[in-house]
Structure formats: structure tokens, C-alpha cells
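Every number in my numbering is 3 more than the matching position in the sequence shown, counting from 1. Don't be surprised by glycine CBs; every beta carbon is placed ideally from N, CA and C.
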Amino acid sequence: MLSLHNVTKTYQNGHETLHALNQVSLSFKPGDVAFLLGASGSGKSTLLNILSGLDTPTEGKISIDGIDTKNFSKKQWAIYRNHYIGFIFQEYNLIEHLTALENVALPLIFQGVSQKEAQERARIELEKIGLAKHIDKKPLSLSGGQQQRVAIARAFVTNPKVIMADEPTGALDIELGKKVIEYLIENAKDKVVIVVTHDEDLSNAYANRVVNIADGHIVEDSNQTPLNVIKEGRMDLVEPKMRLSLLFKFAKNNIASRMFRNILTSAIVSIGFIAILLLTFMIGGISGSITDTLAMIIPPDEYHIHHLEDTNITHAHYDRIRDYDGIETLRYNISASLDSEARQNRHTFIYEPMPLDQIAFERDGDFYGELPENDDEVVISLRTALQIRDMQSVDEDSYEYLFNLVDGLTIDIMHDQNRIETVTIVGMAADNMFASPMVYMLYDALLDVVETTDPSGEHTASLVATLNIRSESEIQTLTQTLYDEEDLIMRNVFGEMTGQIESVMNNALRWFIGVALITLIVSGILIGLVLYTSVLERIREIGILTALGARSKNIRMIFLLESGLSGLMSALIAIAASIGIASFLNRLFNSFIQTPLNLITGGNINFTLLSPGIIPILIVLVAGVVYAMFAGAIPSQYASKLNAVHALRKE
Ligand code: ADP
Ligand code: MG
4 MLSLHNVTKT YQNGHETLHA LNQVSLSFKP GDVAFLLGAS GSGKSTLLNI LSGLDTPTEG
64 KISIDGIDTK NFSKKQWAIY RNHYIGFIFQ EYNLIEHLTA LENVALPLIF QGVSQKEAQE
124 RARIELEKIG LAKHIDKKPL SLSGGQQQRV AIARAFVTNP KVIMADEPTG ALDIELGKKV
184 IEYLIENAKD KVVIVVTHDE DLSNAYANRV VNIADGHIVE DSNQTPLNVI KEGRMDLVEP
244 KMRLSLLFKF AKNNIASRMF RNILTSAIVS IGFIAILLLT FMIGGISGSI TDTLAMIIPP
304 DEYHIHHLED TNITHAHYDR IRDYDGIETL RYNISASLDS EARQNRHTFI YEPMPLDQIA
364 FERDGDFYGE LPENDDEVVI SLRTALQIRD MQSVDEDSYE YLFNLVDGLT IDIMHDQNRI
424 ETVTIVGMAA DNMFASPMVY MLYDALLDVV ETTDPSGEHT ASLVATLNIR SESEIQTLTQ
484 TLYDEEDLIM RNVFGEMTGQ IESVMNNALR WFIGVALITL IVSGILIGLV LYTSVLERIR
544 EIGILTALGA RSKNIRMIFL LESGLSGLMS ALIAIAASIG IASFLNRLFN SFIQTPLNLI
604 TGGNINFTLL SPGIIPILIV LVAGVVYAMF AGAIPSQYAS KLNAVHALRK E
């Protein structure tokens with residue numbers, strides 16, 4: 004059922020070729036309790052390793068249940084080890100960060116058995132071997148004998164056909180050693196039991212077959228089993244599935260067992276991310292603040308229409324353009340000076356020239372008072388009201404109060420020191436305190452003013468439109484039509500300005516991210532090195548997992564997850580740190596700049612230095628994990644390719 008045919012295993016030692024096994028032919032059948040006896044270095048472990056597929060012979064054949072294994076893939080060997088063989092090692096080889104129960108359940112979980120069932124079966128196995136009280140202990144808090152019993156329970160839990168024990172009693176005293184062997188024999192009646200030892204007393208007492216090896220040769224076999232005929236075929240075994248959650252547990256435990264080192268590494272790696280995040284926050288904050296401030300002065304949805312030579316916009320233009328498709332509202336802007344007499348207070352206010360406007364009144368913002376009904380009635384803007392009252396700013400709560408201060412006042416519209424019109428304030432449009440001061444009046448009344456100020460009808464004026472089209476191409480078409488038909492240029496001043504700010508900021512961002520990427524490349528190397536160290540420290544664990552049936556892709560996944568976790572840690576550290584730094588800097592900035600700014604503007608301009616954005620945070624979170632996994636790819640690959648035999652020999 005388990006046979007070697009003329010198997011030779013050689014090692015190259017400089018120029019010498021060392022025969023660890025030399026033309027060995029052996030066959031084992033159920034019921035065999037075979038003791039392999041031989042001096043140290045005679046080839047016993049090599050024989051077991053080849054029988055279990057952990058090592059490959061230089062020459063010869065191995066057959067399992069009569070099937071030639073020469074075409075076995077690594078995967079098939081893993082399946083075979085997992086289902087077919089129970090391994091017991093001299094050094095117990097338990098996984099230190101798992102409890103006794105978890106250690107025993109491990110091979111079952113490799114088979115795809117559910118966590119619950121695996122743990123139940125592991126518990127039964129541990130109870131049977133007398134460890135009921137210790138199932139939740141980690142290996143290092145158990146005695147040597149108890150650890151060996153855990154290892155035996157782990158070997159038996161899958162009910163394998165073959166039990167291989169490599170010097171299982173070597174580290175135990177004689178009494179314990181005997182108990183271990185008795186347990187093996189008692190519980191493996193229908194199995195092949197192969198025990199490697201150099202204790203002849205033990206083999207005399209318990210073996211039903213003794214195989215003596217010396218220098219890689221079988222020198223004696225007390226009870227040979229005839230060799231099987233080798234035939235081609237496949238073993239019909241279920242492919243082991245290592246659950247991601249289990250792999251994750253290994254990765255997590257690995258990280259946890261070296262917490263200090265991992266936090267330190269993550270902190271170093273996070274520096275690059277912190278730099279990127281802070282810069283993105285800063286650009287978001289500053290350009291957001293600039294854009295917001297700009298939006299107060301220049302309404303974002305307004306399009307300015309002016310003539311090529313900046314001269315002859317007439318009300319004839321106004322009348323035609325009002326009917327263009329896509330134009331929602333159209334405002335005719337002309338400039339005049341205002342002379343206001345706040346008669347109630349017997350104060351007279353003289354103003355510098357400022358624009359006088361007629362607009363559609365459906366503007367955003369609150370409206371106080373009434374719309375003009377007669378030619379001598381006007382609505383003023385918040386800014387104009389403030390200027391009339393000689394005020395800098397006002398709280399939103401006090402708009403009503405401000406309107407009451409100007410309601411009913413008369414103002415003179417002046418041109419070249421001459422009064423052209425006297426009008427009465429009937430309403431206030433509380434749009435934007437920082438927009439240019441405006442006076443709104445009926446169109447006919449405005450035309451009067453226009454004609455009086457500029458009888459030729461040609462004066463410096465501009466049109467301001469809002470559009471009811473949104474798509475870039477429609478706006479493009481309207482712009483082109485206005486240019487072709489009227490020689491007029493339509494521009495979105497806000498869009499142009501913010502576009503420029505954005506491009507400057509984006510350039511700055513690109514440069515900075517370039518620099519930060521270099522930092523990240525360096526820290527990527529750090530992640531790789533730390534993971535490589537972790538692999539070296541865990542070589543033994545990798546060997547154990549391989550012996551229990553883990554496949555190389557499982558091993559690779561453990562280390563990839565480990566580096567992904569460490570990347571997650573760096574990303575989280577970076578996010579927490581940069582949000583912390585951002586709020587600290589904002590507070591500092593506020594106390595230096597925002598407070599005086601509030602005094603001047605009445606709290607109407609909020610300048611944010613750093614504004615944490617959810618998108619950069621999410622990007623760093625994902626990028627941190629992916630990036631660390633990339634950095635960990637080479638060490639993970641290295642771990643997955645480690646030779647289990649060498650790994651287990653290491654101690
Ligand atoms: P045993 O288990 O009987 O003590 P081993 O099977 O471990 O012996 O080793 C058999 C021989 O093969 C020894 O001489 C050992 O030094 C040699 N050997 C085992 N593994 C290697 C290796 N990876 N490289 C070189 N020599 C090896
Ligand atoms: Mg050995």
C-alpha cells in the first residue's frame with residue numbers, strides 16, 4: 004500500500020556525493036508497526052520525508068495504494084499528506100500561537116471541514132489522549148509530554164491511513180515514551196505505523212516489524228511485505244481548502260506576536276501617506292476656501308457677455324439676446340454714481356461710481372420689502388444697503404433690521420455730478436454681502452437712465468446672463484452663436500478663475516505626490532525586509548503547515564495577508580495622524596488668522612486651511628493595503644517556495 008522501489012537520495016556536498024538513501028526498496032501494509040532503527044545520519048528522516056512527499060527522491064519510485072506518484076503535482080502531494088498521513092515529530096512542532104485545540108483542528112480545517120466540526124473532533128481526540136483540561140492552553144504552557152500528546156492527537160484527528168513518527172520519544176523520559184508508543188499502537192490497529200527511533204529496547208518491546216538502516220542501505224527487515232505492482236492512476240482525494248479566515252488568523256497572530264516591531268514599521272511607512280494626505284487636505288482646504296470666497300464675489304452661475312472691443316453693448320443687444328435659446332435671465336449692467344440722502348437720520352451719503360443694474364428678481368437669497376412697481380422705485384442689494392448705512396458687514400439675523408434702516412430712503416442717481424433721477428428704496432435683495440453693490444429697477448426706468456446718461460445709446464455696459472442649459476457642448480454652441488452673430492464674447496469668470504486655481508493646485512499636488520512616492524518606495528523596501536525577517540523567523544511554522552497539508556499558495560497567502568494587514572495599519576495610522584494634525588493646524592490657524600479675519604469680515608469668510616476629504620482617505624486606505632501586499636509579494640513568494648524539509652530541520 005505504501006512502497007518505495009529502488010529509491011536513492013543523494014546530496015551534493017562539495018565534490019562529494021552523499022547517499023542519504025541508496026537503492027532502498029520497502030513496502031508497508033496496514034497493521035505494520037514498523038520501527039526504523041539506525042544510527043544518527045543513517046537516512047531515517049530522509050526516508051520518512053520521501054514517503055510523505057516532503058522530499059523528492061533522486062532516483063526510484065514511490066507508490067501509494069499501487070499508484071505511481073511520479074506525476075504527482077505539489078498539490079497532490081499536499082492533499083496526500085493532509086488526508087493520508089499523520090505526522091509526529093520529535094520536537095512536537097506545534098504552532099505556538101494557536102491553542103492545543105486549534106492545533107489539533109488545523110489538519111481538519113485544511114480539509115475544508117467547518118470550524119465547528121473541526122474543533123469538536125479535535126476536542127474528542129484531545130479528551131481521548133487525556134488532555135481534556137488543557138485544550139485551551141498554548142503549547143508553551145504545556146509540559147513536553149503534554150505537547151507530544153497534542154501532536155499525537157493532531158496526527159490522529161484526520162483518521163489517516165499512515166502514522167509516521169520521527170523519534171517521537173526522543174525528548175521524553177522512558178516511561179512517557181512507552182506510554183506514547185502504547186497509545187500509538189492501541190489506536191492505529193488498521194493503520195501503517197512507522198516509528199523512527201534509535202532505541203532498540205523500545206523496538207524490541209513493541210515492533211511487529213524492525214527495519215535496520217545503515218548509511219542509506221536497508222541492512223535488515225524482519226518482516227517484509229511484498230512490493231506492490233505499480234500502476235498509473237490518480238488518488239481519489241478531496242482537495243484541501245484552507246479557509247481565508249484561517250489564513251487571516253495566522254497573519255493576524257503573526258502581526259500580534261511582533262506588535263512593537265509592526266507598529267514601528269507601520270509608523271515609518273505611514274509618513275509617506277501622512278505627507279500625501281496632509282497635502283491633499285491642504286489643497287482641498289485652501290482651494291475650497293478660495294473658491295468659496297470667490298463665489299461670494301463672483302456668482303458661479305453667471306456668464307458675462309461683452310463686446311470684442313468692450314464698447315457698444317446697447318439695449319438693442321439686450322432685447323435680441325434675451326430671446327436666445329439657453330438664456331434664462333439676462334441682466335443689463337451699466338454704471339452710474341449714487342447719491343443717497345438718509346433723510347430720517349439727516350445724513351447724506353456720497354458714493355463713488357458704482358454699477359446700477361436691472362435684473363430679474365428671481366435671485367437666490369432672501370428678499371425684504373417689495374418689488375418696484377413704478378419707475379421711481381428701486382430694490383437695492385445687501386451691499387448697497389451696507390454702504391448706505393456705512394457698515395462693513397452684518398449678521399444674517401440682522402438683515403431684516405438692516406432693511407428697516409434703509410426702507411423708504413430716497414437716493415439720487417448721479418451722472419457727471421448731475422442728478423438724473425431720484426428713486427425710493429422699496430426692497431432689499433439679501434444676496435451676497437461681498438458682491439458688487441447694485442440697484443435694481445424696472446427695465447423701462449433703466450432705459451430712461453441709460454438715455455439720459457448716454458443719449459447715443461452707446462455706453463460701457465455689459466450683459467450678465469444665467470443659463471438654463473448645463474451641458475458643456477450646449478454652452479459651447481451658445482458661446483459660438485453669440486460670437487458669430489453678435490460679435491459678443493460670453494465668459495464664465497468664476498469658472499475661468501477656479502479652473503486656473505485648480506490647475507495650479509493640481510500641479511503642486513502632482514509634484515508633491517511624486518516626492519511622496521519616493522518615500523513610499525523606500526518604505527516599501529522596509530515592508531519587504533520586515534516581512535522577509537518574519538518569513539525567516541517562521542520557517543519552522545511554514546514547514547509544519549506544509550507537513551500538515553498546506554499548499555504553497557496558502558503559505559503565500561498568509562504572508563500576503565500579513566503584509567496587507569501591516570499596510571492597513573500604516574494607512575490607519577496615517578489617516579488618524581493626518582486628521583489629528585489637520586485639526587491641530589486648523590485650530591492654530593484659526594487662532595492666528597481666522598479670529599482677526601472674523602473681526603474684519605464679521606465672520607462671513609471662513610478660511611479653512613486643511614479640509615480632510617473622504618476620497619483621499621479611502622484611496623490611502625485601499626492603496627495602503629494593496630501597496631503593502633505588492634511590497635510583500637517577493638518575501639511571500641519566497642516563503643511559499645521554501646523547502647519544508649529544510650524548514651523542519653532548522654532548529
Ligand atoms: P537520520 O534521520 O537517520 O539521522 P537523515 O535522514 O536526517 O538521518 O540524514 C541522512 C544523511 O543525509 C545525513 O548524512 C545528513 O547529513 C544528510 N543530509 C540530510 N539532509 C541534507 C541536506 N539538505 N543537505 C545535505 N545533506 C543532508
Ligand atoms: Mg532524523
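Within its chain, find whatever has a CB closer than 7 Å to the CB of residue i; leave out the 5 residues flanking it on each side and keep chain order.
{"i": "residue 652", "result": "none"}
{"i": "residue 132", "result": "152, 155, 156 and 186"}
{"i": "residue 471", "result": "329 and 331"}
{"i": "residue 11", "result": "22, 24, 25, 26, 60, 61, 62 and 63"}
{"i": "residue 538", "result": "562, 638, 641 and 642"}
{"i": "residue 88", "result": "55, 163, 165 and 167"}
Following the continuous beta strand (DSSP E) through residue i, name the residue where it begins and the one where it ends.
{"i": "residue 427", "result": "421 to 433"}
{"i": "residue 407", "result": "Segment 402 to 409 is the alpha helix (DSSP H) holding residue 407; no beta strand (DSSP E) there."}
{"i": "residue 548", "result": "Careful: residue 548 lies outside any beta strand (DSSP E), inside the alpha helix (DSSP H) at 542 to 550."}
{"i": "residue 90", "result": "88 to 92"}
{"i": "residue 383", "result": "380 to 384"}
{"i": "residue 640", "result": "Unbroken run through residue 640 is the alpha helix (DSSP H), 636 to 643; no beta strand (DSSP E)."}
{"i": "residue 138", "result": "Element bounds for residue 138: n/a, residue is neither H nor E."}
Please find out if some non-hydrogen atom of the ligand MG comes closer than 7 Å to the beta-carbon of residue i.
{"i": "residue 47", "result": "yes"}
{"i": "residue 139", "result": "no"}
{"i": "residue 169", "result": "yes"}
To the nearest whole angstrom, what separates the beta carbons of residue i and residue j, a pair I think is in contact under 8 Å?
{"i": "residue 623", "j": "residue 585", "result": "That belief does not hold up - the Cβ atoms of residue 623 and residue 585 are roughly 13 Å apart, past 8 Å."}
{"i": "residue 46", "j": "residue 24", "result": "5 Å"}
{"i": "residue 37", "j": "residue 90", "result": "In fact, because the Cβ distance is near 16 Å, the residues do not count as touching under 8 Å."}
{"i": "residue 301", "j": "residue 497", "result": "5 Å"}
{"i": "residue 447", "j": "residue 378", "result": "6 Å"}
{"i": "residue 77", "j": "residue 555", "result": "6 Å"}
{"i": "residue 82", "j": "residue 552", "result": "7 Å"}
{"i": "residue 16", "j": "residue 648", "result": "Actually they are not in contact, since the Cβ atoms of residue 16 and residue 648 sit about 16 Å apart, beyond 8 Å."}
{"i": "residue 374", "j": "residue 382", "result": "7 Å"}
If you follow the alpha helix (DSSP H) that residue i is in, where does it begin and where does it stop?
{"i": "residue 51", "result": "47 to 54"}
{"i": "residue 482", "result": "475 to 489"}
{"i": "residue 204", "result": "203 to 209"}
{"i": "residue 581", "result": "555 to 592"}
{"i": "residue 262", "result": "262 to 300"}
{"i": "residue 119", "result": "118 to 131"}
{"i": "residue 155", "result": "147 to 159"}
{"i": "residue 18", "result": "It is not in any alpha helix (DSSP H) - residue 18 carries neither H nor E in the DSSP assignment."}
{"i": "residue 106", "result": "103 to 113"}
{"i": "residue 652", "result": "647 to 652"}
{"i": "residue 324", "result": "318 to 324"}
{"i": "residue 327", "result": "Element bounds for residue 327: n/a, residue is neither H nor E."}
Could you tell me if the beta carbon of residue i falls within a distance shorter than 7 Å of some heavy atom in the ligand ADP?
{"i": "residue 16", "result": "yes"}
{"i": "residue 43", "result": "yes"}
{"i": "residue 220", "result": "no"}
{"i": "residue 23", "result": "yes"}
{"i": "residue 649", "result": "yes"}
Keeping to the same chain, check which residues put their C-beta closer than 6 Å to that of residue i; ignore five residues upstream and five downstream.
{"i": "residue 413", "result": "425 and 427"}
{"i": "residue 362", "result": "In this prediction, residue 362 has a pLDDT of 49, which is less than 50 and means its spatial position is unreliable; what the coordinates show is noted afterwards. Same-chain partners within the cutoff: 334 and 443."}
{"i": "residue 121", "result": "108, 111 and 112"}
{"i": "residue 515", "result": "282"}
{"i": "residue 654", "result": "For residue 654, the predicted model reports a pLDDT of 47, less than 50, meaning its position is unreliable; a value from the coordinates is still stated below. Here the set comprises nothing."}
{"i": "residue 517", "result": "none"}
{"i": "residue 347", "result": "Residue placement at residue 347 is flagged as unreliable, the pLDDT there being 48, under the threshold of 50; a coordinate-derived value is accordingly withheld."}
{"i": "residue 193", "result": "33"}
{"i": "residue 171", "result": "91 and 183"}
{"i": "residue 35", "result": "195 and 212"}
{"i": "residue 134", "result": "152"}
Please tell me whether, using a cut-off of 7 Å, the distance from the CB of residue i to the nearest non-hydrogen atom of the ligand COA is below it.
{"i": "residue 555", "result": "What this structure holds is the ligand ADP and the ligand MG, not the ligand COA."}
Near residue i, which residues of its chain fall below 8 Å by C-beta distance, leaving aside the five closest residues on each side in sequence?
{"i": "residue 422", "result": "342, 415 and 416"}
{"i": "residue 221", "result": "27, 28, 29, 214 and 215"}
{"i": "residue 402", "result": "369, 371, 385, 431 and 433"}
{"i": "residue 218", "result": "22, 25, 45 and 46"}
Using a C-beta cutoff of 8 Å, does residue i count as contacting chain D?
{"i": "residue 17", "result": "Included in the structure is just one protein chain, with no chain D present."}
State whether the segment 139 to 146 contacts the segment 62 to 69, with contact taken as three or more CB pairs (one from each stretch) at a distance under 8 Å.
Short answer: they don't touch.
Could you tell me whether the segment 198 to 208 touches the segment 43 to 58, using the rule of 3 or more Cβ pairs below 8 Å?
Output reads yes: the segment 43 to 58 touches the segment 198 to 208.
Count Cβ pairs between the segment 503 to 513 and the segment 283 to 299 that sit closer than 8 Å; are there 3 or more?
yes
Three or more C-beta pairs closer than 8 Å, one from the segment 272 to 282 and one from the segment 477 to 491: is that the case here?
no
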